[in-house]
Structure formats: structure tokens, C-alpha cells
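Before any comments, here is the structure.
Numbering (the working numbering), first residue to last: 110 to 296.
Here it is, written out as C-alpha cells:
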């Protein structure tokens, strides 16, 4: 006898299947990035042999329709918000957002600008924030591991929150984007 504890029952089939699906999703992240300013400069080293993000199952994709993770890096101006929303809407569910740098968290050094968004969460659901100005590749890999952990545990549900609270997000988006001429893809 190695242990006196009885074995755990696996649960119902749906729960077991969901855990397997979450594990598979977490171990194969396809990423598209939306970089503004200096924000995307630290993404390039992730593909080199020194950091090799593909060993973690992370691959860059050229279009949002092939991706399931959107990386937003750098500050967001009111004009760029419209484009980021369009990119996010093109990603299939489930989709996740990773925000890089202090500019996406609080506006960074442009926090008091009339044209810079300070809180990205009011407009799109962010699953993971990576701190820094700009975050080093090691910090970005740590952010990916946190996102993978959240996906495996079933806690990365920003896309569900976006769908359930679409009126809240749309109202905030339309306050910033005065001439709303985007097609209502998901609305």
C-alpha cells in the first residue's frame, strides 16, 4: 500500500472531455499580434533560437482567422481601437488577449494624452497583462505560461465575458469611436 487515499473518480464524460480540450488548447497557441509604436519590438526575439517559443507550442500566424491569441502591445489611440476591435472580432472562439507593456495597462508615458486609451479592459476583455516598458522576452514567455495555466484550469474566459456583456463593451467602444462605421459582425 503506497497510499491510504482512495483513487479519485474521473467525473462525468463532459467534464473529462473539457479538461482534455483545455489541455490541448493550452499547449497549442497560435498568435497574431497588433503592435503600435515600440510595443512589438520584443516579440521578434521570441522566434529566435535563444528563446524558441515554438518549443512551448506557441506559433505566430499571419492572420487573425488562423489565431486564437491576440497580443496587443504598445499604446492604443482612439483610431487604432477600431482596428483592434476588427482584428479581435475575426478571431474564432475561444480567443484570448494578452496585453504587453505599461501602455496597454495605464497609458504608459502617454497616460495624460487626449488621444490615448488608459484602460484596455473597458473595450476588450484582457486575459493576461504582461508588465514592463517594454517587457523582456522572458516576461512574455512567463505571460504565455500564465495564459496556458488559465486555459488548462478553465479560467481564461474573457471571450465568454465579452459575448455575455457585449452591450457594455459596445457602449464603451462607441464612446471612443465617434463615427462608428464598422460592420456589426458579431452583434
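Note that the Cβ used here is the ideal one computed from N, Cα and C, for glycine as well. The structure displayed is predicted, hence computed values, not measured ones.
Separation of residue j from residue i, as counted between CA atoms
i: residue 212; j: residue 257; result: 23 angstroms
i: residue 237; j: residue 135; result: 14 angstroms
i: residue 280; j: residue 272; result: 13 angstroms
i: residue 233; j: residue 196; result: 11 angstroms
i: residue 125; j: residue 186; result: 43 angstroms
i: residue 155; j: residue 169; result: 10 angstroms
i: residue 303; j: residue 216; result: For the chain, the structure presents residues 110 to 296; residue 303 sits outside this window and is missing.
i: residue 239; j: residue 228; result: 14 angstroms
i: residue 278; j: residue 123; result: 31 angstroms
i: residue 141; j: residue 267; result: 17 angstroms
Identified DSSP bridge partners for residue i
i: residue 207; result: 180, 237
i: residue 193; result: None; residue 193 has no bridge partner.
Outcome for residue i when other beta-carbon atoms lying within 10 angstroms are tallied against a minimum of 16
i: residue 253; result: buried
i: residue 176; result: buried
i: residue 143; result: buried
i: residue 113; result: exposed
i: residue 131; result: buried
i: residue 218; result: exposed
i: residue 151; result: buried
i: residue 133; result: exposed
i: residue 173; result: buried
i: residue 129; result: exposed
Identity of the residue in the options nearest residue i by Cα
i: residue 180; options: 270, 283, 244; result: 244
i: residue 183; options: 247, 203, 220, 140; result: 220
i: residue 263; options: 203, 224, 248; result: 203
Any C-beta of chain B under 9 angstroms from that of residue i
i: residue 117; result: Included in the structure is just one protein chain, with no chain B present.
6 angstroms Cβ shell around residue i - same chain, five flanking residues per side excluded
i: residue 270; result: 234
i: residue 214; result: 238
Own chain residues within Cβ distance below 8 angstroms of residue i, not counting five before or after
i: residue 285; result: 187, 190, 226, 232
Cβ shell of residue i (< 7 angstroms), same chain only, five flanking positions each side left out
i: residue 265; result: 205, 236, 256, 259
i: residue 137; result: 166
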